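Numbering (the working numbering), first residue to last: 478 to 847. By construction, the Cβ of each residue, glycine as well, lies at the ideal position given by its N, Cα and C atoms. The structure displayed is predicted, hence computed values, not measured ones.
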């Protein structure tokens with residue numbers, strides 16, 4: 478027992494206390510108070526009780542490791558709802574539908590489907606609404622919309638100018654504003670914010686930006702892209718547009734920054750510099766001060782669109798690591814981008830497992846809410 482796990486020792490101690498049985502004292506009392514015949518019967522009873530007590534202790538010893546494994550498996554089990562975009566092909570046309578699913582992959586449900594393309598759904602922090610990108614009525618441009626969590630009540634927030642880019646918007650923690658990327662032509666792709674009611678649109682930062690994530694404390698924005706093209710990297714900037722700071726420079730492209738709920742780390746997808754088809758991506762995590770850059774995945778294909786769970790214990794992402802051979806061949810040749818399913822992993826890259834099978838489509842997560 479000297480080398481036993483302290484927790485097991487403590488639990489066993491409690492178990493022994495609960496079934497403690499002083500055999501010698503019981504036998505002494507039996508001898509003092511009973512006749513020889515009664516004494517023999519009681520001795521047998523005492524012996525049986527002692528064996529039961531020892532059996533209880535042995536059972537506790539054997540079951541404790543199983544109990545600890547069960548506790549560990551249940552700890553931090555994924556909970557909440559994940560919103561994602563589902564891409565399908567119909568002839569030469571790409572269809573974009575919005576789906577939601579439980580964090581364990583159950584209850585997969587379509588939210589917005591049909592010819593009115595919608596994608597990049599992002600929950601409001603309280604889970605009552607979503608911001609997303611949708612095709613405008615003229616079918617030639619995109620707009621930023623806000624909808625209710627059940628898909629009803631769609632309302633255009635930005636329908637140009639500025640022209641909205643097809644990247645995921647980001648809510649401020651107080652739900653008052655939404656950050657998005659706007660395509661300004663030769664001026665690049667700028668970072669903007671707008672009130673959740675559509676008021677007060679404001680350009681925050683010029684440059685060539687791809688995606689944005691709002692810090693949990695509301696003071697900063699993480700942006701992936703470049704201030705001086707092609708100087709791609711991960712940056713942070715004040716929500717007022719001041720203090721642009723590059724955290725990490727990358728050889729090629731970087732996209733989709735996602736803050737951990739405690740604001741200490743940022744997950745991001747990074748493209749392999751040798752990839753000529755804009756296909757091979759991996760997921761990295763970095764401290765919010767730019768230190769500790771660490772790769773979490775290393776699959777020779779697509780690992781992308783990381784999103785933290787609300788409790789910070791998981792990251793959901795999409796990957797084609799389980800795609801069929803023909804899908805992988807086409808993906809790697811730049812002919813398509815399909816067979817990417819929904820996966821979970823721990824923030825250290827462990828525990829990777831699939832929760833929603835793409836089944837010949839591609840699904841990209843963009844938001845997770847309690």
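Check this for me: beta carbons of residue 770 and residue 793, under 8 Å apart or not? Remark: C-beta atoms of residue 770 and residue 793 do not approach each other more closely than 8 Å.
In terms of DSSP beta bridges, what is residue 471 paired with? This structure cannot settle anything about residue 471, because the visible part of the chain is limited to 478 through 847.
Skipping 5 residues on each side, what residues in its chain have a beta carbon closer than 8 Å to that of residue 845? If we look at residue 845 and ignore the five residues flanking it on each side, its Cβ neighbours are 557, 558, 559, 560, 580, 600, 784, 785, 786, 787, 793.
Give every residue of the same chain whose Cβ lies closer than 7 Å to the Cβ of residue 648, excluding the five residues on either side of it in the sequence, and list them in chain order. Same-chain partners within the cutoff: 599, 601, 602, 608, 655, 691.
So is residue 832 buried or exposed if we call it buried at 16+ other beta carbons inside 10 Å? Buried, by the Cβ-count rule.
Hey, could you find the ends of the beta strand (DSSP E) residue 719 is sitting in? Per DSSP, residue 719 is not a residue of any beta strand (DSSP E), being assigned neither H nor E.
Can you list the beta strand (DSSP E) stretches of 3 or more residues lying completely in the stretch 539 to 617, in chain order? As far as the stretch 539 to 617 is concerned, its whole beta strand (DSSP E) runs of at least 3 residues are 558 to 567, 570 to 579, 586 to 589, 595 to 600, 606 to 612.
Residue-level contact to chain B via CB, residue 671, 8 Å cutoff: No chain B appears in this structure, which consists of one protein chain only.
What separation, rounded to the nearest whole angstrom, lies between the Cα atoms of residue 781 and residue 566? Residue 566 has its alpha-carbon roughly 20 Å from the corresponding atom of residue 781.
Considering only residues of the same chain and omitting the five flanking positions on each side of residue 800, which have a CB-CB separation below 6 Å? The answer, listed in chain order, is 816.
Nearest to residue 741 by CA position, among 777, 759, 755, 768, is which residue? Nearest of 777, 759, 755, 768 to residue 741, Cα basis: 768.
Considering only residues of the same chain and omitting the five flanking positions on each side of residue 665, which have a CB-CB separation below 6 Å? For residue 665, where only same-chain residues beyond five positions count, the Cβ hits under 6 Å are 684, 685.
Can you find the residues in the same chain that come closer than 7 Å, C-beta to C-beta, to residue 612, ignoring five residues on each side of it along the sequence? Correct list, in chain order: 593, 594, 619.
So does the stretch 724 to 734 actually touch the stretch 742 to 749, counting three or more Cβ pairs closer than 8 Å? When Cβ pairs closer than 8 Å are counted between the two stretches, the stretch 724 to 734 is seen to touch the stretch 742 to 749, the count reaching three or more.
Compute the distance between the beta-carbons of residue 625 and residue 652, then report whether it is under 8 Å. For residue 625 and residue 652, no; Cβs fall outside 8 Å.
Can you give me the start and stop residues for the beta strand (DSSP E) that residue 659 sits inside? From DSSP, the beta strand (DSSP E) with residue 659 extends over 654 to 660.
For residue 726, I'd like the list of residues in its chain whose CB is within less than 6 Å of its CB, leaving aside the five on either flank, ordered along the chain. Result list for residue 726: 710, in chain order.
Expected contact under 8 Å - CB spacing of residue 714 and residue 698 to nearest Å: That belief holds up - the Cβ atoms of residue 714 and residue 698 are roughly 5 Å apart, short of 8 Å.
In its own chain, which residues sit with a C-beta less than 6 Å from the C-beta of residue 828, not counting the 5 before and 5 after it? Closer than 6 Å at Cβ, skipping near neighbours: 822.
Distance check for residue 681 and residue 743, CA to CA, integer angstroms please. Rounded to whole angstroms, residue 743 to residue 681 spans 20 Å at the Cα level.
Starting from residue 836, trace the beta strand (DSSP E) in both directions and tell me its first and last residue. Per DSSP, residue 836 belongs to no beta strand (DSSP E) and is neither H nor E.
Measuring alpha carbon to alpha carbon, tell me which of 597, 772, 627 ends up nearest residue 759. Ranking the options by Cα distance to residue 759, first place goes to 772.
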